[in-house]
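Accompanying notes for the structure given below.
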Amino acid sequence: QKLMNIPAVFTYEISSKTENAQFRRDQTVLPADSRTIFLPPYAGSSHPVYVNASRVDSLKQKDSFIATEHPMSSTLPNIWKLVLDKQINVWILLHTFPNND
């Protein structure tokens, strides 16, 4: 009961947008707006590229690693671009799909 009265600290408006659903394997795995990661726009576009991943702080460093669900084949290039462009050394991979997938 007490947990139900705790105010929400994070919002999920960006990650829950309909146009970003195609980037989520599991529709319930949503990065908080304040931790959402974008890639620069591709050539010919003015919109940044949404990545279903969160920036995570360590005890000593801000944004020291990322957490993301297991990428789909359609999102894997963006994940690797993110890892390489941002020089990510630690990547927490959340495995949320069924064993038969």
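UniProt numbering applies: residue 1 is where the sequence shown begins, and numbers increase by one. Every residue, glycine too, gets a C-beta built ideally from N, C-alpha and C.
### Query
Do you know how far the Cα of Q22 is from the Cα of L59?
Looking at the two C-alpha atoms, the distance is approximately 33 Å.
### Task
Flag G44 as yes when its Cβ comes closer than 7 Å to any non-hydrogen atom of the ligand GDP, and as no otherwise.
No copy of the ligand GDP appears in this structure; indeed no ligand is present at all.
### Task
Buried or exposed for D101, please, with buried defined as at least 16 other CB atoms from any protein chain shown within 10 angstroms of its CB.
With a pLDDT of 48 at D101, under the threshold of 50, the modelled position of that residue is not reliable, and the figure given next carries that caveat. Counting Cβ neighbours within 10 Å, D101 comes out exposed, since fewer than 16 surround it.
### Query
Is L93 helix, strand or coil when you go by DSSP?
If DSSP states are grouped into helix, strand and coil, L93 belongs with the strands.
### Buried versus exposed, by CB contacts within 10 Å (16 or more), E13
With fewer than 16 other beta carbons inside 10 angstroms of its own, E13 counts as exposed.
### Query
Roughly how many angstroms lie between the CA atoms of I88 and V51, to the nearest whole one?
Roughly 14 Å separates the two Cα atoms.
### Query
So does the region 60–68 actually touch the region 39–48, counting three or more Cβ pairs closer than 8 Å?
When Cβ pairs closer than 8 Å are counted between the two stretches, the region 60–68 is seen not to touch the region 39–48, the count staying below three.
### Task
Within the UniProt domain "Tyrosine-protein phosphatase" (1–101), note down every full beta strand (DSSP E) run reaching 3 residues or more, in order along the chain.
As far as the UniProt domain "Tyrosine-protein phosphatase" (1–101) is concerned, its whole beta strand (DSSP E) runs of at least 3 residues are 36–39, 49–56, 65–69, 91–94.
### Query
What number of angstroms, rounded off, separates the C-alpha of Q27 from the C-alpha of V83?
When rounded, the separation of the alpha-carbon atoms in Q27 and V83 is 22 Å.
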